[in-house]
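K.L.:
Letter by letter, the sequence shown follows residues -21 to -1, 1 to 430 in mature numbering (1 follows the signal peptide of the UniProt record, and there is no 0).
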Amino acid sequence: MRRVLSALCAALSLLACALFAPNEPTLLSLQLPTATPTLPHTPTAPAVSYQVPRDPSVQALRAEVQSDRLMHTLSHLVSFRTRHVLSRVDRADRGIGAARDWLFGAFERVRTAHPHKAIQVWTQPFVFSWQGRAIKAENVVAVLQGDMAGAGIYVIGAHYDSIGTPPTDGDADAPGANDNGSGVAALLEILHIMAGQPHRATLIFVAFAAEETGRQGSQAFVEQYLRAHVPPSALRGMLNLDMLGSMRDANGRVDPRTLRLFSAPPNDSPSRQLARQAALAISTYTDEVLPVLQSSEDRIGRWGDQMSFSEAGYAAVRFTQGLEDHRRHHNAHDTLDGIDLGYLMRTTRAALTAVAALSGGLPPPDQDSIALRRLHSGYQLTWAAVPEAHAYLIALRHRASLAYDAVLQVSQTALAWDQFMRYETLAIAAVDANGRFGGFSPELHVRELLR
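(1) Looking at the strands, I want to know which residues DSSP matches up with residue 300.
(2) Thinking just about the alpha-carbon of each residue, which of 146, 74, 168, 251 is nearest to the one in residue 308?
(3) If you drop the 5 nearest sequence neighbours on each side, which residues of the same chain put their C-beta closer than 8 Å to that of residue 57?
(4) Determine the direct distance from the alpha carbon of residue 397 to that of residue 140, and round the result to whole angstroms.
(5) Do you know how far the Cα of residue 172 is from the Cα of residue 84?
(6) Once the 5 residues before and after residue 402 are set aside, which same chain residues still bring their CB inside 8 Å of it?
(7) Might you give, ordered along the chain, the residues of its own chain that have their beta carbon closer than 7 Å to the beta carbon of residue 410, omitting 5 neighbours on each side?
(8) So what's residue 317 in DSSP terms, helix, strand or just coil?
(9) Just to confirm the assignment: which complete alpha helix (DSSP H) runs, minimum length 4, are found wholly within the segment 222 to 291?
(10) Which runs of the beta strand (DSSP E), 3 residues or longer, sit entirely within the segment 83 to 161?
(11) In the DSSP assignment, the alpha helix (DSSP H) including residue 48 goes from what residue to what residue?
(12) Assuming residue 49 and residue 121 make a contact with CB atoms under 8 Å, what is their CB distance in whole Å?
(13) Looking only at DSSP bridge pairs, what is residue 385 linked to?
(14) Counting pairs of Cβ atoms below 8 Å between the segment 272 to 290 and the segment 234 to 254, do you hit three or more?
(15) Looking at the C-beta of residue 389, does it have a partner C-beta in chain D at a distance below 8 Å?
(16) Counting along the chain, where does the alpha helix (DSSP H) carrying residue 37 start and finish?
(17) Report the three-state DSSP secondary structure of residue 198 (helix, strand or coil).
(18) Who pairs with residue 187 in a beta bridge, going by DSSP?
(19) So what does DSSP say about residue 163, is it helix, strand or coil?
(20) Ordered along the chain, which non-local residues of its own chain (more than five positions away) have a Cβ less than 6 Å from that of residue 299?
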């Protein structure tokens, strides 16, 4: 039967917690033009390329997203009529208890379908106060153990509760197709696909309760486990999937490509850095979705479960659609006919791409090994080698830029270049033999590296 929070601690305790001659770098394409590094010519220097390296297996994973599975999840969640935290918990066909049990069963089916993979599933009960009442609720959790010690942890989350009108009525219809059946459908689809794939980092999938009432479910997960047991450096990032299923607003506008990425400021915060990495991964593998970095943590006056993580010092990003139809929010009108299935498939593939790239790639170089020194003409950047790395990416950013302004690819652990001072920060990622880049090192201020 269900395992409780103590099982979470047991599961995650399984985690096992030179200088080279300069070589001409490869300048990678971005939306903005950048200058090619000025380096002495050498016979073995690689040709300039305008393509970010891609791992063909990540591209193949994207094709595994299935519309029928997404609709299967959505249809079941909507069929419970409401998933309000004050709704029934003792019926199999209605209320948040029925939704919790169905999700637990869906997570369990993924586990049993992969008997040779270390997957654990449980619910995390918690109690919170809302509207003068003590309310019991449960998060549903699955952990996919990573293959590489020290590769860290990524959390992928989506809230499964819904809320209607009036918001305190637990019996009012609140089908929650888009908010947030769409995010849960994407979460379950990514879980289904990643369970069949190798990944270096550990993945934790969480369906949160009690987001609509103030993020109490994600706060309980952070407070009862993460803050006590997982330092920020071990949790590489949290990706929150919240409202991914509609490309329309109330005025009839349609935006079939935009996917907004919200993250906590300031611009060099861990969350903003994670958002940049996710956006780079998505744009590397597809142009069917345009990841647009936002300058705020969420929409004005709104919230999301990513905030529970960033407030505790963990990097976290919200993935959400480009437009919103407020006529379908938090009422009986958030139904299946408001879902654009093609758009949901695209946003799910985008989120899957970010998860696969970040969790499947090599860890970055140790940030303490990154150094910059002056040369007679220009500067030399050096860093420690990462085992199994075949190349490295150096991401550069101006002070006010939300996204990276330039990305360089080099095959060694040193780069001599005269243009470093044009940029505010830099970060480095390792590229494996298949062309997959993982997470980047924390961004370092270029001028401070010289001190």
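Glycine included, C-beta positions come from ideal geometry on N, C-alpha and C.
P.N.:
Once the coordinates are examined:
(1) DSSP lists 238 as partners of residue 300.
(2) If we check each option's Cα against that of residue 308, 146 comes out closest.
(3) Cβ within range, chain order: 154, 155, 156, 160, 314, 315.
(4) When rounded, the distance between both Cα atoms is 53 Å.
(5) One C-alpha to the other measures close to 17 Å.
(6) Closer than 8 Å at Cβ, skipping near neighbours: 375, 376, 377, 384, 385, 425.
(7) If we look at residue 410 and ignore the five residues flanking it on each side, its Cβ neighbours are 32, 368, 369, 370, 371, 372, 416.
(8) Secondary structure of residue 317 (DSSP, three-state): helix.
(9) Listed in chain order, they are 249 to 264, 285 to 289.
(10) Fully enclosed beta strand (DSSP E) runs of 3 or longer: 98 to 109, 112 to 123, 132 to 138.
(11) The continuous alpha helix (DSSP H) containing residue 48 extends over residues 46 to 58.
(12) Between residue 121 and residue 49 the Cβ distance is about 18 Å, and since that is not below 8 Å, they are no contact.
(13) Looking at the DSSP output, residue 385 bridges to 375.
(14) Contact holds between the segment 272 to 290 and the segment 234 to 254, because three or more Cβ pairs, one in each stretch, are under 8 Å apart.
(15) Among the chains of the structure shown, chain D does not appear; only one protein chain is present.
(16) Counting along the chain, the alpha helix (DSSP H) containing residue 37 begins and ends at 35 to 41.
(17) Correct three-state label for residue 198: helix.
(18) Paired residue(s): 138.
(19) Judged by DSSP in its simplified three-state form, residue 163 adopts helix.
(20) Correct list, in chain order: 221, 222, 239.
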